[in-house]
Every structure is written in structure tokens, then in C-alpha cells.
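To convert, count from 1 in the sequence shown and add 564; that's my numbering.
Yeah, the Cβ is synthetic: ideal placement off N, Cα and C, and Gly gets one too.
Since we're looking at a predicted model, the values are computed, not measured.
Here's the structure, in C-alpha cells; my notes come after.
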Amino acid sequence: MELLKTMLHRRSVRQYAPGKVDKEKLDMILKAGLSSASGRAIRPWELIVIEDPETLKKLTGAREPQQNMLAEAGAAIAVIADPEKSSTWVEDCSIVMANMHLMADHLGLGSCWIQCRMRMAHNGETTNDFVRGLLGYPDNMQIEAILSIGNLSGHPEPYREEELLTEKVHYETY
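Dropping the structure here:
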């Protein structure tokens, strides 16, 4: 039940209190990502931690519309992968993102999943090319998403179990 409580509490948080993210908490978020399931245990992903305020500010332009929460974030983690390593790289990166997103909430931090794959930057480049230009990852790597992370300045109301869309569950047939 504790895990379900964390899942119901997890919300996208786009406003953060000033300050860096505590190193121990950031390390726990990274461990949650690194422990993620991966098709055939290939783990095609790599994680890039961004804490420099200037780089975080520049990353706001990685997506259209601009992702201004990155300018307030204490940190962000870009999840990239080599698509040639696995046909399930998108799913594998998504599991990493989900694990880190849940762990951030569990640790009392705010976070927001910023989808990057197949998106455009504010300057007309692909988001992948824009972020590669800032973070310097190799040409064979593709970005899936960025997780912004910050100290809470507030938190949306958790989901309630009775609000779950149970009508979307089908047994045996549609």
C-alpha cells in the first residue's frame, strides 16, 4: 500500500523553491533510474545530471512551448539512449523516467517529465539537436526526456483512489 500511496501522491510539479537539490536525494533518484527494468537487460540508456543554473536556464528553450520550470529547478536529468542497442529503447527510457519521477516525489521533491523525443526546440531545431548542442552527447544517442527536479514550493493535491478510471480496465476481452 505504501507504493500505491506514493503513486497517487506523485504529480507533475512545475514550480520550485530556490536552492540546489540535496546530493543524497539526487543520488537516490539516480539509483531509482539505474535500477529500472530494461528489455533483455540491455540498458541502452545514459543519464546526464544538470545542476549548473546557466545550463538549466538554456534548457528552457529545448521544447516549444518553452519549459520555464527548468530555470527554477535545482537539477535536471536528461535520459538519452542509443537506439541501435535496443528496439525497446523508448520503453526502457520511459521506465527510467517513471522510476525517477516516483522517487523524487517519495523524497519530498517536485519533478516534471519533459518529453523531448520527436519534439521541436524554440529555435526551430529538433529538441534532440538543441539538447545535444548543450550537453555534448554523441551523435548516435537520442534523447527521450528530461526530468526537472526541485525543492517544493507547493504540491498539487494527490490523486484519490476513488478517482481512478476503473472503467478503463477490461477482463478477458474489450
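| Item | Value |
| --- | --- |
| Among 645, 734, 721, 675, nearest to residue 572 - alpha-carbon criterion | 721 |
| Exposed unless 16 or more other CB atoms sit within 10 angstroms - verdict on residue 730 | exposed |
| Residue 666 versus 687, 569, 574, 566, residue with shortest Cα-Cα distance | 574 |
| Where residue 715 sits in the DSSP three-state scheme | strand |
| Which residues DSSP lists as bridging residue 643, in chain order | 611, 709 |
| Residue 543, DSSP secondary structure in three states | The structure shown does not extend to residue 543, since the chain is modelled only from 565 to 738, so the question has no answer here. |
| Which listed residue (627, 595, 680, 570) has its alpha carbon closest to that of residue 664 | 595 |
| Distance, residue 672 Cα to residue 625 Cα | 27 Å |
| Cβ pair count under 8 Å reaching 3, the region 625–635 against the region 669–687 | yes |
| Start-to-end residues for the beta strand (DSSP E) that takes in residue 678 | 673–679 |
| C-alpha gap between residue 645 and residue 601, whole angstroms | 14 Å |
| Secondary structure of residue 690, DSSP reduced to three states | strand |
| Beta-carbon gap between residue 580 and residue 618 smaller than 9 Å | no |
| Selected residue, minimal CA-CA separation from residue 613, among 603, 590, 599, 606 | 590 |
| Through-space distance from residue 662 to residue 689, alpha-carbon basis | 27 Å |
| Within 9 Å, strictly: CB atoms of residue 577 and residue 674 | yes |
| Residues of its chain near residue 716, where Cβ-Cβ distance is below 8 Å and the 5 sequence neighbours each way are ignored | 577, 580, 581, 672, 673, 674 |
| Spatially closest choice to residue 669 from 682, 583, 593, by CA coordinates | 593 |
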